[in-house]
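Before any comments, here is the structure.
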Amino acid sequence: EKELLQTLKGKENVTQSGQVVQLYANIGNTKDVAAVLKNDAGGIGLFRSEFLYLESSDYPTENEQFLKYKAVAENMAGKKVIIRTLDIGADKQVDYFEMEKEENPALGYRAIRICLDRPEIFKTQLRALYRASVYGQIAIMFPMIISVSEVLQVKEIIKEVKEELKAQEIPFKDVELGIMIETPAAAIMSDELAKEVDFFSIGTNDLTQYTLAIDRQNPKLGKINDSHHPAVLRLIEMVVKNAHANGIWAGICGELGADTSLTEWFLKIGVDELSVSPSMVLKVRKQVRETK
Ligand code: PEP
Ligand code: MG
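Be aware that the sequence shown starts at 248, since it is given in the UniProt record's numbering, and climbs by one per residue.
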């Protein structure tokens with residue numbers, strides 16, 4: 248089977264009736280880029296940027312971040328690299344952020360909430376991302392969005408960052424801006440959110456957790472943690488519809504994207520992109536190519 252998958256390298260992700268889907272890979276470290284290329288992914292659909300903060304003993308500087316983003320963009324040689332901004336809090340704690348202990352960290356101070364509350368940290372990352380944008384095809388996406396107002400705040404900060412870079416004569420490109428759809432609020436509001444961004448990437452890990460009110464980290468709940476729950480599937484379908492009705496694309500970057508028992512359904516509802524762990528790319532390609 249492994250050898251058979253190897254023969255799929257260089258082949259298109261196309262069904263027998265000619266429907267094409269983008270197959271990208273998820274990474275959590277710059278070192279993972281080798282696996283992305285080795286498995287012939289078309290791009291990086293989710294670059295979890297947290298590692299930069301987790302492996303550092305203090306806030307990573309703009310230049311440290313810039314060099315990492317630039318390296319990934321260059322190594323991917325023009326293929327799309329979707330970098331997700333900082334998503335700490337909940338299960339990912341970083342000492343120097345000095346966050347207070349919380350009763351319900353998964354519902355707490357995390358991700359975009361921290362970034363909007365501490366814009367100096369957010370701006371450092373955004374400057375690094377925009378500086379790296381000229382070295383490849385970078386896109387930026389934002390985690391844990393619940394409202395249009397958050398997106399407008401993000402865009403305002405980006406406007407400032409771009410004005411500052413311009414004033415300093417530092418080159419940058421315009422990049423695609425997207426959001427993760429990983430809260431029920433974002434899924435329900437996806438018709439309005441779609442008017443403000445260039446793409447959606449559905450984070451089914453958190454979307455399942457928050458829709459079913461089941462802690463994704465509690466092994467005791469594994470049995471009832473049904474990722475095929477119709478409530479989750481309905482939200483996914485609704486998000487894709489709302490994306491397309493507003494002329495933007497929608498992908499899936501949560502674990503569910505690699506579930507080959509759903510590949511046919513994802514294609515049927517028109518999912519444009521699946522981003523899976525590098526080792527799953529060829530397996531999903533095989534499933535796509537076998538789909539009528
Ligand atoms: C998700 O929630 O589905 C997701 C892709 O993000 P993470 O697993 O990093 O929370
Ligand atoms: Mg998530």
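The C-beta atom is built at its ideal place from N, Cα and C for all residues, glycine as well.
Residue state for Gln269 is assigned as strand, using DSSP reduced to three classes. Separation of Leu509 and Glu416 (C-alpha to C-alpha, rounded to the nearest whole angstrom) is 48 Å. Non-local beta-carbon contacts of Val268 in its own chain, meaning distances under 7 Å to residues more than five positions away in sequence, involve Asn260, Leu514, Val518, Asp519, Glu520, Leu521, Val535 in chain order.
Assignment of Lys339 by DSSP, reduced to helix, strand and coil, places it in the strand class.
With contacts defined by Cβ atoms closer than 8 Å, Lys327 and Ala386 form a contacting pair. Closest by C-alpha distance to Leu284, out of Asp305, Val319, Glu311, is Val319.
Our two residues, Thr538 and Gln263, have alpha carbons roughly 6 Å apart in a direct line. For Arg360, the enclosing alpha helix (DSSP H) starts and ends at 359-364. In the three-state DSSP reduction, Gln263 falls in the coil class, being neither helix nor strand. Annotation: Phe419 is outside any beta strand (DSSP E) and is labelled neither H nor E by DSSP. In this structure, the ligand MG has no non-hydrogen atom nearer than 7 Å to the beta-carbon of Glu443. Distance from the CA of Thr277 to the CA of Ala492, rounded to the nearest whole angstrom, comes to 35 Å. A contact is defined here as three or more CB-CB pairs under 8 Å, and the region 481-495 fails this definition with respect to the region 459-471.
Spatial neighbours of Gly325 in its own chain (CB-CB distance under 7 Å, excluding positions within 5 residues in sequence) are listed in chain order as Gly383, Gln384. If you check the C-beta of Asn472 against the ligand MG, you find no heavy atom less than 7 Å away. Distance from the C-beta of Asp453 to the nearest heavy atom of the ligand MG is below 7 Å.
The C-alpha of Ser380 is placed about 10 Å away from the C-alpha of Glu321. Rounded to the nearest whole angstrom, the CA to CA distance from Lys470 to Lys413 is 53 Å.
With fewer than 16 other Cβ atoms from the protein chains shown falling within 10 Å of its own Cβ, Leu354 counts as exposed.
The beta carbon of Gly257 is closer than 8 Å to those of Asp287 in its chain, skipping five residues each way along the sequence. Assignment of Met436 by DSSP, reduced to helix, strand and coil, places it in the coil class. Taking the Cβ of Glu416 as the reference point, every heavy atom of the ligand PEP lies at 7 Å or farther away.
As computed with DSSP, Gln384 is found in a beta bridge with Lys327. The region 434-446 makes contact with the region 388-402: 3 or more CB pairs, one atom from each, lie closer than 8 Å.
Here Glu520 carries a strand assignment [DSSP, helix/strand/coil]. Taken in chain order, the complete alpha helix (DSSP H) segments of 4 residues or longer contained in the region 426-492 are 431-435, 437-440, 451-459, 477-492.
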